[in-house]
Every structure is written in structure tokens, then in C-alpha cells.
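Visitor: Here it is, the structure in full.
The following block contains the structure:
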């Protein structure tokens, strides 16, 4: 058992970290204020191979493992978790197209997705179906030319900003077996968007409802087989949960690193505050939790790469543990900054806001516990 990163993995991490520190970190606050990540950033990220991290090499992707990919998201989230998380969503969609799309659809859309000339958004959640995602109501009715899509998707990162949408819609009866996946390009007839959501965090990611009003979708834009869409969507979520956990991990590491520097400079009662044992204990607790989270995440990623039978359970457990640890750590870092932590200039309050949603999306942490408990009960 070897817990060390290989030379290649360390190089992947270092490349992502260097890019983030140079091209993302200096601008993160301004992008948050503007409410949008400049589109010129994405092709630069695509040049690094990060637009198709685990798209197979045969289809033009980087062909990285899930563990490798977590290193990219951890490194980039040290610059800005909002930007890193948006990249995760794009990659989840790209992998679905790689794995399940027909040769024709894959050849038409995947090259530009990998280069990030085409940004992808994932459309599963609806106003009335979040955790109960198999209850989705958006319907795709068969037509002579393909499908007519009607319904509304909610909380869509990149709504009105992305270039295409990977949409889960109902083509059959109620339940998961009636769901299919469709590829809908921006500009499609009947596609529109709600107003910009005013969010607590992830403010540099435009988030809107995505609305379909008799939206015409060609038959060739069906991803895979009819009735398999829910299976495709859930398969993508195991990796998505690892990615979002990695985003919490990287942001928490940044917060702790900044807090250590601040505490060495900030003086109270005649000495730097890092000399007070009570505060040293807080630092120690955060470091313990951070290292445990990193090890747990990488174990879960390794299991997913190995196709272990308990991989889904480990992805769920790691997602819950790491995202909660990340939120706890950044909140403690804010506290250790005192009033300065509450100011935007120090960057800590942004991390507190950005990381909070990680406990909700890609399956709430309550659902992660449901998955874990069901697995335990099934094995007894």
C-alpha cells in the first residue's frame, strides 16, 4: 500500500496549482462581483487537457483516473472553488458523452467540449425534484424528427451561459426507467432561461432555471438508449461527488495556510496569537481533520478507479465527510481571523460562502448517509 503520489500525479497537481495561482486566484473576487467567469478562461484550461479529464484517450480526452482528477480539482480550488466546481460539472457531462453517446453525436460535439470551446451544463434537478431526482417531470415526447422537450430545470450552473445542456427528461413511464438523456445546444428553438439566481456562494457561476417550451431536439441528440438516462446520470455522480469533495479540500487547505500566516503576524497581549495554546489546539484539530479528509477522498477515488463493489458507498461517505470537514475548517479559519475574517479583502469569508453548497449538491449529505446506511444494511 503506497500513499505517495507518483511523479506524474505530482506533476498534474503542480500544473493545475500553478495555473490557478497565476490565472484564477488574482481575479476570483472580481469575477464574483461581476457574476460571471470570463469565457476566455476556458480554452486556456482546455489547452491543459482539463476539458476532458477522464474522457478516454481514444476519443481525444486526457484519460486520467478519478484519483488524478481529484488532484486537479483540489489544486484549482486553492485558487477559487467556484471556478473549479464549474469545471467539474463540465467534465461530468463530457464523460457522459464519451461513455454513452453514439459515434455520430460524440464526433459532432465532444472535440469542442474537450477543448472547452463548448461549455456543458448538467440538467437533472427540477423545482419539484431535488433529492428525489427520479421523480422529474420534464418530458420529451417523440416526434417525426426526434423529440419535443417540455419542462423546467432548476439551479443549473451555467444556465444561459453554457453552450449546450445535457438534459435528463422523461420519455417513458414514471420512475427511473422512464428517463432518457438528451443533448440540447444553446439556441435551440423553445429553449429559454429564468432570471439570474442571487446566491450565497459560487457567485461567479451564473445560475438560472433552464426552460423548455416544446423545444425541438433531433433524434441524433439522444445520448445512449432511451430509458437509460437515469443510470447514466447516477454513474456520473460518483465521480462528481469526489470532485466536489476535492474542491472543499483545496479551499480548506488555502484557508488554513492563510490562517497560519495571519496568526504569526497578528499580535495580542504582547505576542503573536499562534503562541496561545488554546489556538494552537484549534490549528492542530484543523490539520488532523484536513489530512484525514485527504486520505479518505483518495481512498474513495482509488476504489472508483478499481471498480470496487463498494465504490459508490465510499464516494458517498467521502463526499459527506470531506465537504463537512471543509466547511468546518474554513469557518474556524474565519473565527481565528477575528473581525478581519469577515472582510472580503482577506478572502476567507468567500470560502465560507462558496463551500456551504458543497454539502447540498451532487446529492445532499443526508442522501450520502442514506446510501451509506443502505449499503451497511444490505451487507449484514
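Numbering (our numbering), first residue to last: -8 to 371. All C-beta atoms in this analysis are idealised placements derived from N, C-alpha and C, irrespective of residue type, glycine included.
What residue does the beta strand (DSSP E) around residue 63 start on, and which one ends it?
Guide: Where residue 63 is concerned, there is no enclosing beta strand (DSSP E), although the alpha helix (DSSP H) it sits in stretches over 57 to 68.
Visitor: Just tell me which of 261, 17 and 278 has its CA closest to the CA of residue 251.
Guide: Checking every option, the nearest Cα to that of residue 251 belongs to 278.
Visitor: For residue 310, which option in 154, 213, 236 and 129 has the closest C-alpha, if you only look at C-alpha atoms?
Guide: Taking only the C-alpha atoms, the option nearest residue 310 is 236.
Visitor: Verify whether the separation of the beta carbon atoms of residue 332 and residue 240 is less than 8 Å.
Guide: Their beta carbons are not under 8 Å apart, which means residue 332 does not touch residue 240 by this criterion.
Visitor: Based on Cα-Cα distance, which residue from -5, 58, 133 and 223 lies nearest to residue 297?
Guide: Nearest option by C-alpha distance: 58.
Visitor: Short of 6 Å in beta carbon distance, which residues of its chain neighbour residue 67, apart from the five on each side in sequence? Order them along the chain.
Guide: Closer than 6 Å at the Cβ level, and outside the excluded window around residue 67, lie 7, 11 and 75.
Visitor: Which full runs of the beta strand (DSSP E) of 3+ residues lie inside the segment 133 to 162, going along the chain?
Guide: The segment 133 to 162 contains these whole beta strand (DSSP E) runs: 137 to 148 and 155 to 161.
Visitor: Ordered along the chain, which non-local residues of its own chain (more than five positions away) have a Cβ less than 7 Å from that of residue 327?
Guide: For residue 327, where only same-chain residues beyond five positions count, the Cβ hits under 7 Å are 250, 254, 270 and 273.
Visitor: Give me the Cα-Cα distance between residue 50 and residue 89, rounded to the nearest whole angstrom.
Guide: Cα-Cα distance, rounded: 7 Å.
Visitor: Based on the DSSP secondary-structure assignment, which residues constitute the bridge partners of residue 272?
Guide: None, per the DSSP bridge assignment.
Visitor: Which of helix, strand or coil does DSSP assign to residue 71?
Guide: Coil, per DSSP.
Visitor: Applying the criterion that 16 or more other CB atoms from any shown protein chain within 10 Å of the CB defines a buried residue, is residue 248 buried or exposed?
Guide: Burial call: exposed.
Visitor: What does the alpha-carbon distance come out to for the pair residue -3 and residue 60?
Guide: Looking at the two C-alpha atoms, the distance is approximately 14 Å.
Visitor: Count the other CB atoms, across all protein chains shown, that sit within 10 Å of the CB of residue 23; report buried if there are 16 or more and exposed otherwise.
Guide: Result: buried.
Visitor: Is there contact between the segment 180 to 197 and the segment 334 to 352, where contact requires at least three CB pairs shorter than 8 Å?
Guide: Short answer: they touch.
Visitor: Within the same chain, show all residues whose beta-carbon is closer than 7 Å to that of residue 114, passing over the 5 residues directly before and after it, in chain order.
Guide: Same-chain partners within the cutoff: 144, 147, 156, 157, 158, 159 and 201.
Visitor: The ligand MG heavy atoms versus the CB of residue 315: any closer than 7 Å?
Guide: Here there are no bound small molecules, and the ligand MG is not part of this structure.
Visitor: Is it right to say residue 42 is buried, meaning 16 or more other beta carbons lie within 10 angstroms of its own, or is it exposed?
Guide: Residue 42 comes out buried.
Visitor: Give the DSSP-derived three-state secondary structure of residue 113 in the structure shown.
Guide: Strand, per DSSP.
Visitor: Need the endpoints of the beta strand (DSSP E) that residue 260 sits in, please.
Guide: Per DSSP, residue 260 belongs to no beta strand (DSSP E) and is neither H nor E.
Visitor: From residue 77 to residue 120, what does the alpha carbon distance come to, in whole angstroms?
Guide: Their backbone Cα atoms lie some 22 Å apart in a straight line.
Visitor: Can you check DSSP and say which residues form a bridge with residue 173?
Guide: According to DSSP, residue 173 bridges with 158 and 213.
Visitor: By Cβ distance, which residues of its chain are closer than 7 Å to residue 34, with the 5 residues on each side in sequence left out?
Guide: Hits under 7 Å: 106, 107 and 108.
Visitor: State the DSSP-derived secondary structure class of residue 124, mapped to helix, strand or coil.
Guide: Helix.
Visitor: Please state the DSSP three-state secondary structure of residue 92.
Guide: If DSSP states are grouped into helix, strand and coil, residue 92 belongs with coil.
Visitor: Write down the C-beta distance between residue 308 and residue 359 rounded to the nearest angstrom, noting that I regard them as a contact closer than 8 Å.
Guide: Right, their Cβ atoms sit about 7 Å apart.
Visitor: Using 8 Å as the cut-off, can you tell me whether the segment 333 to 343 makes contact with the segment 259 to 268, which would need three or more C-beta pairs spanning the two stretches below that distance?
Guide: Result no; under three Cβ-Cβ pairs closer than 8 Å.
Visitor: Could you tell me the alpha carbon to alpha carbon distance between residue 65 and residue 366, rounded to whole angstroms?
Guide: Those two C-alpha atoms are separated by around 28 Å.
Visitor: What does a CB cutoff of less than 6 Å around residue 183 pick up in its chain, not counting 5 residues either side in sequence?
Guide: Excluding residues within five positions, the ones whose Cβ falls inside 6 Å are 202.
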